[in-house]
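2 protein chains.
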Amino acid sequence: MNIPKEVTIIEVGPRDGLQNEKNPVPTATKIEFINALKAAGIKQIELTSFVSPKWVPQMSDAKEIIDACLDSERNFVLAPNRKGIERVYDTNVKHVAVFVGVSSSFNEKNINKTTEESMSELQPIIKELKEKGYFVRACISTSFYCPYEGKIDPADTEALCSQFVEFGVDELSVADTVGMANPHESYELFERLHNKLEGKVLITGHFHDTRGMALANIYACLQAGITRFDCSSGGLGGCPFAPGATGNVATEDVVFMLEQMGIRTGISLEGIAEAVDLIKPHISRPIGSKMYHLTKQTM
Amino acid sequence: MNIPKEVTIIEVGPRDGLQNEKNPVPTATKIEFINALKAAGIKQIELTSFVSPKWVPQMSDAKEIIDACLDSERNFVLAPNRKGIERVYDTNVKHVAVFVGVSSSFNEKNINKTTEESMSELQPIIKELKEKGYFVRACISTSFYCPYEGKIDPADTEALCSQFVEFGVDELSVADTVGMANPHESYELFERLHNKLEGKVLITGHFHDTRGMALANIYACLQAGITRFDCSSGGLGGCPFAPGATGNVATEDVVFMLEQMGIRTGISLEGIAEAVDLIKPHISRPIGSKMYHLTKQTM
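Protein chains in written order, with this note's numbering: chain F, 7 to 305; chain G, 7 to 305.
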């Protein structure tokens, strides 16, 4: 079986993991968490997002987080619209994430625009970002299933991905937002994307462990040639707009599986456990990852 | 990708799932649980075991369970030695499971015999069982890792499996007892066993979800041609002789993944949730499966 020797983890805990956490997490704790993640070997990371503090109060300290944590690696900041992009321009951030749902119903519930409207708005923004030298990551939600529309046609996901490549993005983060994808579907979609777009864009898998299939999906993606995965330390996160969708796949569970398979990640399990220890007192639900608890037993 | 159309689930909850549960589960509850599992579509099932009530008090009602639950499908009873086999002969049970560890240290800790001693004892027992017309299932522990010896050489597992085939067994249940196997190792071992033994014996995968990799391992096994898996409803079980090894993979999680992939199991998720509801008040740890909780939300 053809399996890669190295995989890149994109840590989304500080942004995707925390954005919907009800309890306000102190800014100082977030900074400690991010620093601990970096110390554990994480290089690519979603630091925060420039969204409306009214809708996502947890991210209202975006500027402070960036001022304290930005380094020379790929530190992403999510900016879903023109307003967010203008705020990016006031910082030294050089890596921007934008967002759209393949499912238009989901996109509307989430950001009050159809998918087509979002794409029309994003096209000039991405053009501008690329002209200014930014790295652009497109986060593609509901790539497999939508809580409102059900199963998504892989052709629709592929078409949206291709459109983003035409717009000039550097990376596609293709997400199973509701945690419904099975490994067969993951293999099929990512093989399709890999065959069509490899070399033109970085392709990243983003899985939720809602139904326990995240690691199986990642294993399927490895076989389809995918070597980049979004993960969230401690399995933090989920999505309030997707009923039943809880838990990004835990960084430590992915790292353990990959390293056991002889695939290098450069990330320390003990380091991740230390980072999770810092954030855990502020998280309202139990830490659902397997390897956090097992690592703690031997530390 | 070559994926089977149908998979057989062997439910091990009533035996492997309950054997180490500290609280005594009332016999009447076990019977209700087994009947509910059958109503959910389970056909092949480990009912109980004839082991020493001193060491495994939870199984001391084996005879009552058999009297109440035995039907014409494959209802297995585990009998680890001559004494257990004699007790099988006093019942109408026709499907017997025997047990051995690839790791001799594990076997000694577990049943106070080296692996070689176990095999010497089992050879005439299996011969006798086969002459009497019994179906014999050999449960092979520590096929990947041992808590005392570490990584097990796949050649040793293959040799033990081949020896069992020479002894005449009908089924091999090849177990990742400590839940350490990664999908790469699962694919390699099961492909090896499939290539060597397919047609001579039924080959069944038995995975624990200790490190979250069980579904990934099952997906890998499907690709190696394996179509039989041991599962435990509610993820009940674990092994007290294997530190850190908790949780057989949950029947409902496996069924969901397979059915989503278009692979028939004949098992109802709602039915399994109803069975788990019956046993749950008597189980000392939380139900760790994903699909039990999600199924309950929609029932």
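In this text, a Cβ means the ideal position worked out from N, Cα and C, and glycines have one as well.
Where residue i falls, given that 16 or more other Cβ within 10 Å makes a residue buried
i: Asp4 of chain F; result: Because chain F in this structure spans residues 7 to 305, residue 4 of chain F falls outside the shown range and cannot be described.
i: Lys138 of chain F; result: exposed
i: Ala248 of chain F; result: Any reading at Ala248 of chain F must be qualified, since the residue scores a pLDDT of 45, below 50, and its modelled position is unreliable; no value is offered.
i: Arg291 of chain F; result: exposed
i: Asn81 of chain G; result: buried
i: Lys296 of chain F; result: buried
i: Asn113 of chain F; result: buried
i: Ser126 of chain G; result: exposed
i: Gly243 of chain G; result: buried
i: Thr304 of chain F; result: exposed
i: Ala85 of chain F; result: buried
i: Ala256 of chain G; result: buried
i: Tyr95 of chain G; result: exposed
i: Asp73 of chain G; result: exposed
i: Arg21 of chain F; result: buried
i: Glu172 of chain G; result: exposed
i: Ala144 of chain G; result: buried
i: Arg234 of chain F; result: buried
i: Gly156 of chain F; result: exposed
i: Ala279 of chain F; result: buried
i: Ala45 of chain G; result: exposed
i: Glu258 of chain G; result: buried
Spatial distance of residue i from residue j (CA atoms)
i: Ile146 of chain G; j: Ser109 of chain G; result: 10 Å
i: Glu265 of chain F; j: Lys100 of chain F; result: 30 Å
i: Asn26 of chain G; j: Leu53 of chain G; result: 15 Å
i: Leu43 of chain G; j: Gly277 of chain G; result: 7 Å
i: Gly47 of chain G; j: Leu275 of chain F; result: 41 Å
i: Phe105 of chain F; j: Pro160 of chain F; result: 18 Å
i: Phe56 of chain F; j: Pro189 of chain G; result: 39 Å
i: Tyr154 of chain G; j: His200 of chain G; result: 28 Å
i: Gly241 of chain G; j: Arg198 of chain F; result: 34 Å
i: Gly250 of chain F; j: Asn116 of chain F; result: Residue confidence for Gly250 of chain F is low, a pLDDT of 44 falling below 50, so the modelled location carries little weight and cannot support an answer.
i: Lys11 of chain F; j: Gly211 of chain F; result: 17 Å
i: Phe39 of chain G; j: Asn254 of chain G; result: 17 Å
i: Glu164 of chain G; j: Leu195 of chain G; result: 8 Å
i: Ala230 of chain F; j: Leu208 of chain F; result: 14 Å
i: Lys60 of chain F; j: Asn41 of chain G; result: 53 Å
i: Thr35 of chain F; j: Arg270 of chain F; result: 29 Å
i: Asp67 of chain G; j: Ile273 of chain G; result: 27 Å
i: Thr14 of chain G; j: Ala187 of chain G; result: 21 Å
i: Val31 of chain F; j: Phe170 of chain F; result: 34 Å
i: Asp236 of chain G; j: Val180 of chain G; result: 9 Å
i: Pro8 of chain F; j: Ile16 of chain F; result: Per the sequence presented here, residue 8 of chain F reads as Asn, with Pro not at that position. So the alpha carbons of these two residues sit roughly 22 Å apart.
i: Ser192 of chain F; j: Ala220 of chain G; result: 17 Å
i: Ser238 of chain F; j: Gly268 of chain G; result: 30 Å
Whole-number beta carbon distance between residue j and residue i, since they are thought to touch under 8 Å
i: Asp182 of chain F; j: His214 of chain F; result: 6 Å
i: Val260 of chain F; j: Thr216 of chain F; result: In fact, because the Cβ distance is near 15 Å, the residues do not count as touching under 8 Å.
i: Tyr225 of chain F; j: Ala222 of chain G; result: 4 Å
i: Glu70 of chain F; j: Thr33 of chain F; result: 5 Å
i: Cys167 of chain F; j: Leu128 of chain F; result: About 13 Å separates the two Cβ atoms, so there is no contact after all.
i: Ile132 of chain F; j: Arg88 of chain F; result: The pair is not a contact, with the Cβ atoms about 12 Å apart (cut-off 8 Å).
For residue i, the three-state DSSP class (helix, strand or coil)
i: Asp67 of chain G; result: coil
i: Leu166 of chain G; result: helix
i: Asp77 of chain G; result: coil
i: Tyr95 of chain G; result: helix
i: Asn87 of chain G; result: coil
i: Leu300 of chain G; result: helix
i: Val261 of chain F; result: helix
i: Gln25 of chain F; result: coil
i: Ser290 of chain F; result: coil
i: Leu275 of chain G; result: helix
i: Asp159 of chain F; result: coil
i: Asn41 of chain G; result: helix
i: Val13 of chain G; result: coil
i: Leu284 of chain F; result: helix
i: Ser149 of chain G; result: coil
i: Ile72 of chain G; result: helix
i: Ala46 of chain G; result: coil
i: Leu242 of chain F; result: coil
i: Ser58 of chain F; result: coil
i: Ile131 of chain F; result: helix
Check: residue i C-beta below 7 Å from any heavy atom of the ligand NAD
i: Asp22 of chain F; result: Absence of the ligand NAD from the depicted structure is noted, as is the absence of any ligand whatsoever, leaving it without description.
Practice task
Go through the stretch 171 to 232 of chain G residue by residue and report every complete run of the alpha helix (DSSP H) that reaches 4 residues or more, in order.
Solution key: 189 to 203, 220 to 229
Exercise for the section: Could you tell me which uninterrupted beta strand (DSSP E) segments, each at least 3 residues in length, are contained entirely in the stretch 95 to 119 of chain G, listed from first to last along the chain? Expected result: Within the stretch 95 to 119 of chain G, the complete beta strand (DSSP E) runs of at least 3 residues are 101 to 107.
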